[in-house]
Amino acid sequence: MKLLALDTSTTYLSLALSHGEDMLVFHECVEQKHAERTLPEVSRLLADAGIGLNALDGIVFGQGPGSFTGLRIACGIAQGLAYSADLPVIAIPTLDNLAHQAGEGQVLVCFDARMQQVYSALYRTGANWERLSPILVASPEDVALPAGTTMLAGDGFHSYPSLLADIRGELPQSPHPRPHAAAYLQLAESGRYPMRHPREAELLYVRDKVALTSSEQAQARKR
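If you use the numbering used here, the sequence shown corresponds to residues 845 to 1067, in order.
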């Protein structure tokens, strides 16, 4: 399939375009400039590939969890591009992406949720790929290490050094701390995620709170 994938859930803008056996990638830290950088970089990838948007089979986007503003940018751009070229969209959770990048095994993913919290989920990756637990948000100290875990993935372990401090040195950690658009393409081609009409594109926030109150910030600093 010919697919365009995009992720703006972190400070990185991650794009990947597959056409035939080839893949073009843009993966760069843009801080808060996703809204102004995404469409020009998409246009550049399409031009480099020598194809138009209407030659694609679909648009893939990271549906979250992650930065609230970033998620809305990715979803909005995916919908706009899909509507303009009469294409379906494929929404894929960011933690699924991180688990996929980790390799084969039982993977515990912890993705920095800010506000002294992490998004976490447990996966079995490889031939019998499965998300073994719901994607949840929790304080780092409330994340338990499930029996049988063989790999850690996500930037939560770096952002909160105390997270699983007693065992994290004994388990390998994925070298890919954030979602990557190339992994979205691989996941989309697995057939596990349905193609939907752009109006059915949905975001996965997990929590509905954007920032800590002043008192909550003070409590967090005391930890």
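The beta carbon of each residue, even a glycine, is placed where N, CA and C say it ideally should be.
Cβ pair residue i, residue j closer than 7 Å
i	j	result
proline 1023	serine 853	yes
arginine 968	leucine 976	yes
alanine 1025	alanine 849	yes
glycine 910	cysteine 954	no
alanine 997	leucine 925	no
leucine 1047	proline 937	no
aspartate 901	methionine 867	no
serine 1006	valine 987	no
Assigned secondary structure, residue i (DSSP; H/G/I helix, E/B strand, else coil)
i	result
isoleucine 917	helix
glycine 1035	coil
glycine 910	coil
glutamate 880	helix
glutamine 1061	The pLDDT assigned to glutamine 1061 is 33, lower than 50, so where the model puts this residue is not dependable; a value taken from the coordinates is nonetheless given after this. Looking at glutamine 1061 - three-state DSSP - the assignment turns out to be helix.
alanine 929	helix
arginine 1022	coil
arginine 1051	coil
leucine 1006	Checking the displayed sequence, the identity of residue 1006 turns out to be serine instead of leucine. Coil.
alanine 946	helix
leucine 1069	The chain is shown only over 845 to 1067; residue 1069 falls outside these bounds and no answer can be derived.
leucine 890	helix
leucine 980	strand
Residues of its chain near residue i, where Cβ-Cβ distance is below 6 Å and the 5 sequence neighbours each way are ignored
i	result
histidine 944	Ala1027, Leu1031
glutamate 885	Leu859, Phe870
glutamate 875	Thr855
alanine 957	Tyr963, Val981
Nearest to residue i (by Cα), restricted to the options the options
i	options	result
glycine 908	Ile934, Asp892, Leu897	Ile934
leucine 847	Pro937, Ala893, Ser1003, Pro1005	Ala893
proline 932	Phe870, Glu948, Ala899	Ala899
leucine 1015	Leu952, Thr938, Ala891	Leu952
glutamate 974	Arg881, Tyr856, Arg1036, Gly906	Arg1036
glycine 949	Glu985, Asp930, Gln1017	Gln1017
glycine 947	Thr993, Ile917, Gly902	Thr993
methionine 959	Ala929, Arg881, Asn941, Tyr1004	Tyr1004
tyrosine 856	His1041, Tyr1049, Thr913	Thr913
valine 904	Ser1006, Ala891, Ser862	Ser862
alanine 971	Leu1048, Ser1034, Asp930, Asp956	Ser1034
arginine 1040	Pro1019, Leu966, Leu890, Tyr927	Tyr927
alanine 991	Pro984, Gly1013, Leu966	Leu966
isoleucine 895	Leu915, Glu985, Gly1013, Ala929	Ala929
Extent of the continuous alpha helix (DSSP H) run through residue i
i	result
threonine 993	Run containing threonine 993: none; DSSP gives neither H nor E here.
Cβ-based neighbour list, residue i, same chain, cut-off 7 Å, excluding 5 preceding and 5 following
i	result
glutamate 1060	Bear in mind that the predicted position of glutamate 1060 carries a pLDDT of just 32, short of 50, making it too unreliable to give a figure here.
alanine 1045	Cys919, Ala922, Gln923, Val933, Ala935
leucine 989	Leu952, Leu1008, Ile1011
glycine 906	Asp851, Ser853, Ala918, Ile936, Thr938, Asn941, Pro1023, Tyr1028
glutamate 872	Tyr856, Leu857
Boundaries (first-last residue) of the beta strand (DSSP E) holding residue i
i	result
glutamine 961	961-969
glycine 949	949-958
proline 986	Looking at the sequence itself, residue 986 is aspartate, so the reference to proline does not match. Neither: aspartate 986 is in no beta strand (DSSP E) and is coded neither H nor E.
aspartate 901	That residue, aspartate 901, is in no beta strand (DSSP E); it is neither H nor E in DSSP.
methionine 867	866-873
alanine 1045	Segment: none, alanine 1045 is in no beta strand (DSSP E) and carries neither H nor E.
leucine 850	847-851
serine 862	856-863
Same chain only: Cβ atoms within 8 Å of residue i, ignoring 5 sequence neighbours per side
i	result
arginine 888	Phe870
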